[in-house]
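Here my numbering = 1-based position in the sequence shown + 983.
Ideal Cβ placement from N, Cα and C applies to all residues, glycine included.
Predicted, not measured: the structure shown is a model, and the values here were computed from it.
Working notes, structure below.
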Amino acid sequence: MYPGSCFGRKGDNVTEEKSKYIIVGASAAGMAAAHTIRLHDRQGSVTVLSEEPDTPYFRPLIPFVVSGKKRAEDMVLSGCGPYTGRDIFVRTEARVESVNTAEKTVSVQGSGVLAYEKILFATGSRPYIPPEIKGTDTKGVFALRTLAHARNMAKRVKTSDHAVMLGGGLLNLKAAFALLERGLKVTLVVYSPEVLSQLMEPEDAFLIRKAMDTAGLKIKTGCAATHIISEHTGVTGVALDHGGEMSCRMVCIGKGVRPNVEFLNGTNVWIDGGIVTDRYTACSAPDAFAAGDVAVTFKPGSGDRIMTALWTNAVEMGRCAGRNMAGVKTAYSGTLGILNATQVAEEPFVSMGVVHTKDRDFEVYRHATDTTYRKVVFNPQGTRLMGAVFIGDITNAGLYRYVIRGKMPVMHIKRYIMDHTLHYGHVMTGKM
Ligand SMILES: Cc1cc2nc3c(=O)[nH]c(=O)nc-3n(C[C@H](O)[C@H](O)[C@H](O)COP(=O)(O)OP(=O)(O)OC[C@H]3O[C@@H](n4cnc5c(N)ncnc54)[C@H](O)[C@@H]3O)c2cc1C
């Protein structure tokens, strides 16, 4: 529980007719914004509406509910770091069905209409289920996104021996390792030649691949599923595009995400892929803001539009939106294209900035040992750090991020970057 926060559920009467701040979505972006508002406005009422039945939780940890290593209570966003806001009213099972941006009201499923002065759309994203795969609504087919999904997956494990994972992205890999830990045989079906293809190039992934082999994760590359085979108890197999079939009792789809924007249909909120925001996280309707996975923002430097699906980015943008909503005008610093610090199969890794360099004119340095891998990418002139992939040892990753994001000239610190001895002193004092 959030100290000082109150919780309400579906069917509770909307006693307040108006909340100064309404936040739709109670996750990374929404809760970061709620807390930030409270730091700058001690009085204004803050209501956070969430369609999920669970109180806010740390979504990246839900694979541990599948593996049984953690309980839902262990991942509640409470008392940690910034999540200590006061007088923030979080209403669960409160799906916002529609928004009237002219009258500044939201319609909450089963609970009536609530007026606002400022609103934040922090509705995140949901798994993309490719329509070309037939039978995905079968029992035993999952796409891990919520705590409820994780609990259901954990139940299904009890009657399963083999799980087939469709997609080799980060989320599916995490789910795959969770299922392996439960003793299932797990096969990853990946269309690309390698896993994690959005976060690194195939040759960067060898340590991850080694960890997968050690853990017993089977992988089939270069093929895709066409349909789910089933009987009355649910899924019994997957048919593949090259004609083969694999029998299994569980399928997990990890084919990317799509932003949750449907509740804004018919409004004047500009949607282009996601909710388009300006430099101050505002969207096109009056007193309305957006942050997190659902928002279209910009890359620092180039200003190109970008959407990401990463917790840290959602928190940063949520905080910025919270400041702007509370009247502290704050420009958002932009979102790095790829920025991920996480762990797969006990293997910590970071991927940030430009990491796809094949056939492109970047200066690239790689260094590998049996247990670590480092790749650093400089611009063609070798004067700026553009990106990095670290696997096994992610020491000082935040510092590298700072250098990339700040577009700092690096000639004086380049050798430290290359031999991985860079420390804060080099960056802050510019000393050689
Ligand atoms: C299994 C898994 C592992 C992950 N691992 C990592 C990781 O290691 N590192 C990393 O950076 N990121 C990771 N992520 C991604 C990260 O969790 C997301 O980027 C982050 O949660 C986005 O936060 P958000 O606040 O924008 O939206 P979300 O977390 O998606 O939350 C949005 C909330 O809004 C609710 N909502 C949607 N529509 C409505 C509506 N109409 N009314 C009311 N509520 C609504 C949703 O139900 C949801 O609760 C992972 C995600 C998953 C699923």
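Item                                                                                                                        : Value
CA nearest to the CA of His1023, picked from Thr1264, Pro1043, Val1311, Leu1149                                             : Val1311
Rounded straight-line distance, which links the Cα of Met1014 to that of Lys1141                                            : 34 Å
Opposing strand residues paired with Val970 [DSSP bridges]                                                                  : Outside the modelled stretch of the chain, which goes from 984 to 1415, sits residue 970, for which no answer is possible.
Ligand 1 heavy atom lying under 7 Å from the CB of Trp1253                                                                  : no
Residues of its chain near Thr1355, where Cβ-Cβ distance is below 7 Å and the 5 sequence neighbours each way are ignored    : Ile1374, Gly1375, Asp1376
Where Ser1028 falls: helix, strand or coil (DSSP)                                                                           : coil
Assigned exposure category for His1409 - 16 Cβ within 10 Å defines buried                                                   : buried
Closer than 7 Å: Asp1276 CB and nearest ligand 1 heavy atom                                                                 : yes
As assigned by DSSP and simplified to three states, the class of Tyr1383                                                    : helix
Whole beta strand (DSSP E) elements within the stretch 1307–1331, 3-residue minimum                                         : 1322–1327
Paired residues, beta bridge with Thr1170 - DSSP                                                                            : Val1147, Lys1201
Counted within 10 angstroms of its Cβ, other Cβ atoms place Lys1358 as buried (16 or more) or exposed                       : buried
Cut-off 6 Å between Cβ atoms - residues of its own chain near Ala1161, not counting five sequence neighbours on either side : Pro1046, Val1049, Ser1050
For Leu1182 and Thr1067, the rounded distance between their alpha carbons                                                   : The predicted position of Thr1067 is uncertain, since its pLDDT is 47 and thus under 50; a value taken from the coordinates is nonetheless stated next. Roughly 32 Å between the two C-alpha positions.
Proximity test, Asn1243 beta-carbon vs ligand 1 heavy atom, cut-off 7 Å                                                     : yes
CA-to-CA distance, Leu1223 to Gly1305, given in whole angstroms                                                             : 47 Å
Of the residues Asp1144, Pro1242, Ser1180, Glu1035, the one placed nearest Gly1205, counting alpha carbons only             : Ser1180
Residues near Cys1063 by beta carbon distance below 6 Å, same chain, minus five either side                                 : Note that Cys1063 has pLDDT 40, beneath the 50 cutoff, so the model's placement of it is unreliable and the number below is only indicative. Here the set comprises nothing.
Touching by the beta-carbon criterion (3+ pairs, under 8 Å), the stretch 1254–1268 and the stretch 1119–1127                : no
Same chain only: Cβ atoms within 6 Å of Ser1090, ignoring 5 sequence neighbours per side                                    : Glu1080, Ser1081, Val1096
Ligand 1 heavy atom lying under 7 Å from the CB of Gly1286                                                                  : no
Lys1203 beta carbon near ligand 1 (any heavy atom closer than 7 Å)                                                          : no
8 Å Cβ cutoff met for Thr1119 and Ile1112                                                                                   : yes
Whole-angstrom distance between Arg1288 and Gly1317, CA atom to CA atom                                                     : 9 Å
Residue span of the alpha helix (DSSP H) that contains Thr1019, given as start and end                                      : 1011–1023
Whole-angstrom distance between Ile1396 and Thr1340, CA atom to CA atom                                                     : 22 Å
Simplified DSSP state of Arg1074, which is helix, strand or coil                                                            : strand
Near ligand 1: Pro1036 beta-carbon under 7 Å from a heavy atom                                                              : no
Presumed contact (8 Å Cβ cut-off) between Asp1344 and Lys1101, rounded CB distance                                          : That pair is no contact at about 45 Å.
Rounded straight-line distance, which links the Cα of Glu1329 to that of Tyr1385                                            : 25 Å
Closer than 7 Å: Leu1163 CB and nearest ligand 1 heavy atom                                                                 : no
Selected residue, minimal CA-CA separation from Cys1235, among Gly1381, Ala1131, Met1394, Gly1150                           : Gly1150
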